[in-house]
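The structure under discussion appears below in the form of structure tokens.
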Amino acid sequence: MIWVTWRHHRTSLVVSLGFIAALAIAAIVGGIGTRSSLGAEGRGTYFGCVGVGWDCWADTAVTGVNTIAAALPVLLGALVGATVFSRDIDQQTHVLGLTQSVSRARWFWMRVLVVFLPLTVAAAILGFILEAARVGFESWSYALNVGPVQSYGMSAMTFPLFNSSGIVLGAYTFMALVAGAAVSLLVRSPIAAVAVTLVAVAALMVGFQNLARTHYADATVRTQGIDPDNFYATYVMDSFMAWIVWSGYADVNGKPVEIDYQACVTTADPGDNQRADESDVDFYVRQQAMFAQLDAEHRACVLAQGVDHYETWYHSVDQVRRFQFTEAALVLILSGLFLLPALWGLRRLKP
């Protein structure tokens with residue numbers, strides 16, 4: 325039965341494993357290039373690259389491979405998981421297997437063993453390779469707030485770096501393959517099974533990041549005043565690659581406050597232009613005084629709306645392993661739940 329299953333699905337299996345191997349090679353080469361461009365210690369001083377060269381290619385390779393790998397479960401679930409059974413059903417080739425001495429359970433689990441398990445293991449290995457290749461690359465990512473506008477660096481807690489990490493990538497791959505199998509045994513149409521699996525797996529991955537992941541641990545809350553010197557640029561430097569989950573104005577009790585920014589718009593002359601009878605020193609002094617006045621007006625306007633301080637909620641990167649194991653466990657539990665409709669659809673399948 326193992327040999328028959330291998331012969332039947334060897335093309336999709338070999339192509340998928342070859343694609344995963346190509347990503348792994350690109351990650352290794354890109355990781356070597358990144359470390360060589362960053363120096364012996366692998367610690368960079370900037371995020372991104374300028375110009376065209378080996379270091380820029382390595383930077384692009386590391387980022388691109390992680391993004392593709394993070395989307396790999398969606399592709400494998402739709403193109404492999406959903407077709408392992410639906411193709412047989414559509415072509416009626418499942419009749420031969422189910423009318424022989426092979427049981428339905430064995431027919432199902434052999435495909436899980438021969439097709440799903442190798443792809444899951446390969447995806448997990450790819451994820452661990454990507455984690456190793458990101459050494460140095462991660463060190464010059466950052467998380468930054470500028471005033472009320474958030475500007476993020478690439479965080480190890482979010483897509484694509486989190487989803488392309490070893491244990492998480494393996495768990496998502498297995499879940500996507502099982503989900504595809506369940507859909508194909510219930511829907512029966514190959515095209516419909518591929519479409520439903522594609523949407524469902526992508527929606528689940530988005531849901532985990534936006535709805536579940538922030539609750540795996542309590543966020544660290546950083547509180548700071550609204551004075552210009554320590555407000556307009558807020559670096560979360562407790563650890564590299566922190567994940568900012570929320571930031572904004574808050575009242576004295578820590579409750580978020582929505583600001584009417586239109587009420588804080590000033591019509592005062594910012595003093596950008598130097599007067600004809602004004603020396604450089606006088607212009608500088610007048611300009612600084614005007615900026616101080618604008619900052620004071622803005623601060624007074626914000627305080628008048630009930631603001632007491634500015635808060636930044638974030639998860640530091642030292643929690644990443646906890647988050648990875650938690651999400652992988654939840655995804656595997658979900659995979660087990662997907663097995664129930666898959667086995668139910670298998671029982672309803674008529675030879």
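Read left to right, the sequence shown gives residues 325 to 675 (the numbering used here). Don't be surprised by glycine CBs; every beta carbon is placed ideally from N, CA and C.
Beta carbon of residue i nearer than 7 angstroms to that of residue j
i	j	result
Val644	Ala495	no
Thr590	Leu627	no
Val518	Ala402	yes
Thr444	Arg546	no
Leu450	Ala393	yes
Ala446	Leu347	no
Ala500	Leu400	yes
Val398	Ala351	no
Ala666	Ala506	yes
Cys588	His633	no
Val631	Tyr573	yes
Ser410	Pro514	yes
Phe498	Ser336	no
Residue i versus the options, residue with shortest Cα-Cα distance
i	options	result
Ala457	Val339, Ser488, Ala446	Ser488
Ala345	Leu454, Trp668, Ser508	Leu454
His639	Gly549, Thr544, Met529, Val339	Thr544
Arg685	Thr482, Thr407, Arg671, Val439	Summary: the structure shown does not reach residue 685, with the chain confined to residues 325 through 675, and so no result is reported for it.
Phe647	Ala480, Ala395, Phe409	Ala480
Leu396	Phe343, Tyr540, Ser410	Phe343
Val533	Gly578, Ile583, Thr482	Residue identity differs from the one stated: residue 533 is Gln in this sequence, not Val. Of Gly578, Ile583, Thr482, the residue nearest in Cα terms is Thr482.
Gly612	Cys625, Val328, Asn597	For the record, residue 612 in the displayed sequence is Gln; it is not Gly. It is Asn597 whose Cα lies nearest to the Cα of Gln612.
Trp330	Gly354, Val408, Leu663	Val408
Ile583	Thr497, Leu437, Asp542, Gln629	Gln629
Leu509	Tyr540, Ile568, Phe432	Phe432
Val511	Ile326, Val338, Gly669	Gly669
Gly490	Ala652, Ser659, Leu658	Ala652
Assigned secondary structure, residue i (DSSP; H/G/I helix, E/B strand, else coil)
i	result
Thr558	Confidence in Thr558 is poor, its pLDDT being 48 and thus under 50, which makes the residue's placement too unreliable to answer from.
Thr482	coil
Thr636	strand
Gly375	The predicted position of Gly375 is uncertain, since its pLDDT is 44 and thus under 50; a value taken from the coordinates is nonetheless stated next. Gly375 falls in the coil class under three-state DSSP.
His333	helix
Leu468	With a pLDDT of 40 at Leu468, under the threshold of 50, the modelled position of that residue is not reliable, and the figure given next carries that caveat. In this structure, Leu468 counts as strand in the three-state DSSP scheme.
Residue i: CB within 6 angstroms of a non-hydrogen atom of the ligand COA
i	result
Gln648	No copy of the ligand COA appears in this structure; indeed no ligand is present at all.
Residue span of the alpha helix (DSSP H) that contains residue i, given as start and end
i	result
Asp604	604 to 628
Ile449	441 to 457
Glu651	644 to 672
Arg430	428 to 435
Checklist entry - Which parts of the region 497 to 576 are runs of the alpha helix (DSSP H), unbroken and 4 residues or longer, counting only runs that do not cross its ends? => result The qualifying runs are 514 to 531, 552 to 555.
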